[in-house]
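First the structure, in the form of structure tokens, and then the observations on it.
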Amino acid sequence: MKTYDDENIFAKILRNEIPCFKIYEDNTTFCFMDIMPRSDGHCLVIPKSPCRNILDASDAQLAAVMATVKKVANAATVAFNADGITVQQFNETAGGQEVFHLHFHIHPRHKGIPMRAAGCMGDMDKIKQHAEQIAAVLN
Ligand code: AMP
22 MKTYDDENIF AKILRNEIPC FKIYEDNTTF CFMDIMPRSD GHCLVIPKSP CRNILDASDA
82 QLAAVMATVK KVANAATVAF NADGITVQQF NETAGGQEVF HLHFHIHPRH KGIPMRAAGC
142 MGDMDKIKQH AEQIAAVLN
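Here it is, written out as structure tokens:
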């Protein structure tokens, strides 16, 4: 099994070495905006402790992350008056994973509106505002 590399970008975000638009954190999990949003409100939930993906995560890490996914998904539904939520999660390169620290994508969805293409940098002012919208529901 491949080992965890603590120079990955999400590990750097957790160490405050690079900035992010934070939405929520507790003792074991952290939630922040995706900077290439495929939907308005697209955010990511990660464990604070290291693991690459679900293949090496402990049951405790997965349970903690899923509890936060549920919490943020409900908040995002309210914040964006969403009709639904898509949760995405990729494992290893062949599975579509690009950043090797476990993360779950949360996408607020509206009827008839497809997700945008991956890999397009978002408008930082909008992303900041969307983070604040979700955080406001949580607080
Ligand atoms: P994946 O590993 O395929 O689930 O994709 C990684 C995700 O991380 C992509 O949606 C990227 O837009 C996102 N991403 C990459 N760098 C950053 C960053 N510095 N801050 C927030 N999101 C990021």
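If you use this note's numbering, the sequence shown closes out at 160, no skipped numbers anywhere.
Built from N, CA and C at the ideal position, the CB exists for glycine as well.
These numbers come from a predicted model, not from an experiment.
When the Cα atoms are used, what is the spatial distance from residue i to residue j?
{"i": "residue 110", "j": "residue 154", "result": "23 Å"}
{"i": "residue 98", "j": "residue 143", "result": "20 Å"}
{"i": "residue 133", "j": "residue 43", "result": "29 Å"}
{"i": "residue 68", "j": "residue 85", "result": "7 Å"}
{"i": "residue 100", "j": "residue 54", "result": "14 Å"}
{"i": "residue 72", "j": "residue 122", "result": "6 Å"}
{"i": "residue 157", "j": "residue 93", "result": "11 Å"}
{"i": "residue 25", "j": "residue 126", "result": "20 Å"}
{"i": "residue 87", "j": "residue 138", "result": "25 Å"}
{"i": "residue 41", "j": "residue 80", "result": "27 Å"}
{"i": "residue 32", "j": "residue 115", "result": "22 Å"}
{"i": "residue 103", "j": "residue 91", "result": "14 Å"}
Assign residue i to one of three DSSP states: helix, strand, or coil.
{"i": "residue 76", "result": "coil"}
{"i": "residue 50", "result": "strand"}
{"i": "residue 148", "result": "helix"}
{"i": "residue 24", "result": "coil"}
Ignore the nearest five residues each way along the sequence and tell me which others in residue i's own chain have a CB closer than 7 Å to its CB.
{"i": "residue 118", "result": "74, 111, 112"}
{"i": "residue 141", "result": "57"}
Report whether the distance from the Cβ of residue i to the nearest heavy atom of the ligand AMP is below 6 Å.
{"i": "residue 183", "result": "Summary: the structure shown does not reach residue 183, with the chain confined to residues 22 through 160, and so no result is reported for it."}
{"i": "residue 117", "result": "yes"}
{"i": "residue 75", "result": "no"}
Give every residue of the same chain whose Cβ lies closer than 8 Å to the Cβ of residue i, excluding the five residues on either side of it in the sequence, and list them in chain order.
{"i": "residue 128", "result": "59, 60, 62, 63, 106, 107, 108, 109, 136"}
So residue i and residue j are in contact, right, with Cβ under 8 Å, and what is the actual spacing, rounded?
{"i": "residue 70", "j": "residue 49", "result": "7 Å"}
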